[in-house]
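One structure is given below, encoded as structure tokens.
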Amino acid sequence: MTATDALELGIDIGELDCAISVGFPGTVSSLRQQWGRAGRRGSGLAVLVASEDALDQFFMRDPEALLGRTVEAAILDGTNPRVLDGHVLSAAFEGPIGPADAETLGPEALERAAVLPELKHTEPGWVWAGTDYPAARVPLRSADRESFTVVDAATGSVLGLVERSRAFSTVHEGAVYLHLGEQHLVRSLDLEPLIAVVSAASVDWYTQAKKETETAIVEPLRVERRLGLDLAFGRVSVTEQVVAYQRKSISGGDTLETVPLDLPPTSFETEAVWFSPGPEQLQGLEEMPKLLSSLHAAEHSLIALLPLWAMCDRWDIGGLSTNVHFQTGLPTIFVYDGHPGGVGITERGFERFEGWVGDTARMLRGCPCAAGCPSCVQSPKCGNLNEFLDKAGALTLLGRFLSAEEMDAAVDRKGE
Numbered sequence: 041m042t043a044t045d046a047l048e049l050g051i052d053i054g055e056l057d058c059a060i061s062v063g064f065p066g067t068v069s070s071l072r073q074q075w076g077r078a079g080r081r082g083s084g085l086a087v088l089v090a091s092e093d094a095l096d097q098f099f100m101r102d103p104e105a106l107l108g109r110t111v112e113a114a115i116l117d118g119t120n121p122r123v124l125d126g127h128v129l130s131a132a133f134e135g136p137i138g139p140a141d142a143e144t145l146g147p148e149a150l151e152r153a154a155v156l157p158e159l160k161h162t163e164p165g166w167v168w169a170g171t172d173y174p175a176a177r178v179p180l181r182s183a184d185r186e187s188f189t190v191v192d193a194a195t196g197s198v199l200g201l202v203e204r205s206r207a208f209s210t211v212h213e214g215a216v217y218l219h220l221g222e223q224h225l226v227r228s229l230d231l232e233p234l235i236a237v238v239s240a241a242s243v244d245w246y247t248q249a250k251k252e253t254e255t256a257i258v259e260p261l262r263v264e265r266r267l268g269l270d271l272a273f274g275r276v277s278v279t280e281q282v283v284a285y286q287r288k289s290i291s292g293g294d295t296l297e298t299v300p301l302d303l304p305p306t307s308f309e310t311e312a313v314w315f316s317p318g319p320e321q322l323q324g325l326e327e328m329p330k331l332l333s334s335l336h337a338a339e340h341s342l343i344a345l346l347p348l349w350a351m352c353d354r355w356d357i358g359g360l361s362t363n364v365h366f367q368t369g370l371p372t373i374f375v376y377d378g379h380p381g382g383v384g385i386t387e388r389g390f391e392r393f394e395g396w397v398g399d400t401a402r403m404l405r406g407c408p409c410a411a412g413c414p415s416c417v418q419s420p421k422c423g424n425l426n427e428f429l430d431k432a433g434a435l436t437l438l439g440r441f442l443s444a445e446e447m448d449a450a451v452d453r454k455g456e
């Protein structure tokens, strides 16, 4: 029997002897659910067939890091209005929301109820005054309320939905869109009715979007001295613009063509962790382009390993590395929640920064490649198409962070 990971909780067949997982599913808890489908009435066999992804290869080189690892912390920010509002509206549809509901829904729910235009205040509490069923609006896959509809040009049938936040990168004009394993080419992307029109195709190339990203610090919420760095967590504003895409050969990954795009920028506010390495940590790396390449590779590898500490996928995380940030005035690395408002992913990274950096350095050190590969510093979602990556520089940088921790510990012991 073959199934997607959607059935990892839903297969209740007691006589399965073997579970084969193709690719690490993103979390240890998910993998254990998949493996738990086998051997429920006796001995069973569980197999993980690794992909070239950085996490997969990290575990192949160090199986005990997977087999002995505790499950990840489930991350949810229930106060994020993009998450909370749909639940408040749905609850008000069922019955009035009043002060007595604050214990269950949280005090933020009453604050949001007061500003949601579809709710009306009555003596019993806030009630639904809209014309539809609000729960039907709540998406199950993301907090993004708006989606582009992918339509087959030949039949007019709907093939799928793509979240607005991902549409410009995945269903721009000229993109290869996969539906049930079949290739389709995007013929047009209409920004008003939110429709992408595609037609069946058979090509020997795939597409990868190139985008420019800017990150502005809105408000630092926490700043601590960690690993020799002033590590910050807080709110940032992210602006992304897809400016081109590349056609790449499926067989060899060679770039066949770069095609410019004219798409509007998108902006959202979210949460991020950021830091600026000091001069002593950048010694020998400070010249361009080595500086930017080292920061960029460190950013990629940190993003690849953050799912070990927060229950998320690398596609839930974004990042930016710059040789001079316009606000800090220094070389700076940002790692941010890819969801508007933030859902707590990078806050978890802030709290577990030492372990996160340690795992990342181990992954880089253990990868046998010389200059960087998809199993360490290259990312399938890189907006710069994996240009300017220096694996050795990234490993040097992370190693110096960890050495700073050892020095701080030695000073603390001496003080005692």
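Note that the working numbering has the sequence shown beginning at 41, numbered continuously upward.
Here a beta-carbon is modelled for each residue, glycine too, at the ideal position from N, C-alpha and C.
DSSP bridge partner residues for residue i (one or two, in chain order)
i, result
"K160", "V167"
"W314", "A272, F374"
"P136", "Paired residue(s): none; P136 is not in a bridge."
"L71", "Paired residues: none, contrary to the question."
"L85", "C58"
"K250", "A284"
"E309", "S277"
"E264", "L271"
"E297", "R287"
"Y217", "H224"
"G63", "Paired residues: none, contrary to the question."
"E259", "R275"
Residue i burial status per 10 Å Cβ neighbour count (16 or more: buried)
i, result
"G384", "buried"
"W349", "buried"
"F135", "Looking at the sequence provided, one finds Gly at residue 135 rather than Phe. Exposed, because fewer than 16 other Cβ atoms sit within 10 Å of the Cβ of G135."
"P164", "exposed"
"Q74", "buried"
"R453", "At R453 the pLDDT is 41, less than 50, meaning the model places this residue with poor confidence; the figure from the coordinates comes in the next sentence. The residue is exposed, with fewer than 16 neighbouring Cβ atoms inside 10 Å."
"C352", "buried"
"P380", "buried"
"R354", "buried"
"I137", "buried"
"G423", "buried"
"A401", "buried"
"F366", "exposed"
"T436", "buried"
Start and end residues, beta strand (DSSP E) containing residue i
i, result
"T189", "187-192"
"L225", "222-230"
"E203", "198-203"
"S415", "Run containing S415: none; DSSP gives neither H nor E here."
"L360", "357-362"
Sequence-distant residues of the same chain with beta carbon closer than 7 angstroms to residue i, five excluded per side
i, result
"I118", "The amino acid at residue 118 is misidentified as Ile; the sequence shows Gly. So the list reads L124, G146, once near-sequence residues are dropped."
"R152", "P121, L124, D125, V128"
"V397", "L267, L438, F441, L442"
Nearest-angstrom Cβ-Cβ length linking residue i and residue j, presumed shorter than 8 angstroms
i, j, result
"V263", "V313", "11 angstroms between Cβ atoms; not a contact."
"V191", "Q223", "About 16 angstroms; that fails the 8 angstroms criterion."
"L442", "D399", "Between D399 and L442 the Cβ distance is about 11 angstroms, and since that is not below 8 angstroms, they are no contact."
"L14", "Q323", "With the chain represented from 41 up to 456, any question about residue 14 goes unanswered, as that position is not in the structure."
Proximal residues to residue i (C-beta, below 8 angstroms), its chain only, five neighbours per side dropped
i, result
"M100", "A90"
"G455", "Confidence at G455 is low in this model, with a pLDDT of 46, below 50, so its placement is unreliable and the value that follows should be read with caution. Same-chain partners within the cutoff: there are none."
"V178", "G126, H127, S130"
Residue i: first and last residue of the uninterrupted alpha helix (DSSP H) it sits in
i, result
"W396", "393-406"
"H212", "Element bounds for H212: n/a, residue is neither H nor E."
"A153", "147-153"
"S333", "330-345"
"A94", "94-101"
Contact set for residue i: own chain, Cβ-Cβ below 6 angstroms, skip 5 residues either direction
i, result
"V87", "I60"
"L95", "F64"
Residue-level contact to chain B via CB, residue i, 8 angstroms cutoff
i, result
"G423", "The chain inventory of the structure shown lacks chain B, comprising one protein chain alone."
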